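Participant:
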Amino acid sequence: MKYVLYQLKKHPLAIVGIIIIIFWLIAAFFGPSMVPFTHTQMDSEHQMVGPGTNGHV
């Protein structure tokens, strides 16, 4: 464990990389609970609505 901490102090960009990886893992884990529909459902009513119109995002 001391060796790992020593290497992290020696290479601070590794800490940044670890933080980015942890962020993406958390996003992948909690992402499905943040969307209003499943991957098999689609909002076909507003599928082709252009930006700035009612129903866009």
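In terms of our numbering, the sequence shown is residues 91 to 147.
The C-beta atom is built at its ideal place from N, Cα and C for all residues, glycine as well.
Keep in mind it's a predicted model, so treat the numbers as computed, not measured.
#1: Could you round the C-beta distance between Leu98 and Ile105 to whole angstroms and report it? I think they count as a contact, below 8 Å.
#2: Mapping DSSP to helix, strand and coil, what is Val106?
#3: How would you write the range of the alpha helix (DSSP H) that Ile94 sits in, first residue to last?
#4: In angstroms, rounded to a whole number, what distance separates the CA positions of His101 and Ser123?
Facilitator: The structure says:
#1: Between Ile105 and Leu98 the Cβ distance is about 6 Å, and since that is below 8 Å, they are a contact.
#2: helix
#3: Per the sequence shown, residue 94 should be read as Val rather than Ile. 92-100 is the extent of the alpha helix (DSSP H) around Val94.
#4: 35 Å
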